[in-house]
């Protein structure tokens, strides 16, 4: 059994998108307080590194981070592949990443609107679809 597999057997792992700041980092702290290891996903590598260091120091938990932009079409599949490669099992998926816009649609930037849809809808659907089968197979997990 690999170190990662032993780690996952001992402590559940929570995957938190948008996990480097705001609500995401606060959710990460709560999971760490409740003895979860963490996987954080966000766009900003420096922000992720800072959050991971803080969580490791304050909660003595294992933190893996991936700098990915979930507005990119293949980012959910890439995240899933990276997790599989590292042998990390997700026990809790927290689809926290999101973005918003306001104002009249006629005045909005179309590229920004499409990126918002990819983050808020498409990536949530893809990540749920990718991680759910393993949870069903194990008979445990939460989204």
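In our numbering, the protein residues as written are 2 to 144.
Where a beta carbon is used, it is the ideal one built from N, C-alpha and C, also for glycine.
As the structure is a prediction and not an experimental result, all values here were calculated from the model.
Judged by DSSP secondary structure, residue 54 falls within the alpha helix (DSSP H) whose first and last residues are 46-60. Separation of residue 56 and residue 107 (C-alpha to C-alpha, rounded to the nearest whole angstrom) is 42 angstroms. Taking each of 17, 92, 121, 33 in turn and checking the Cα distance to residue 59, the smallest one comes out for 33. Taken atom to atom, the span from the alpha-carbon of residue 79 to that of residue 140 is near 25 angstroms.
Across the set 111, 131, 68, 124, the C-alpha of 131 shows the shortest separation from the C-alpha of residue 90. Distance from the Cα of residue 23 is smallest, within the candidate group 100, 137, 143, for 100. Every unbroken stretch of the beta strand (DSSP E) spanning 3 or more residues and falling wholly within the stretch 6-45 is given here in chain order: 14-18, 38-43. Counting only unbroken stretches of 3 or more residues, the beta strand (DSSP E) elements lying wholly within the stretch 75-137 are 93-95, in sequence order.
Less than 7 angstroms divides the Cβ of residue 49 from the Cβ of residue 21. Residue 110 is classed as exposed because its beta carbon has fewer than 16 other beta carbons within 10 Å across all chains shown.
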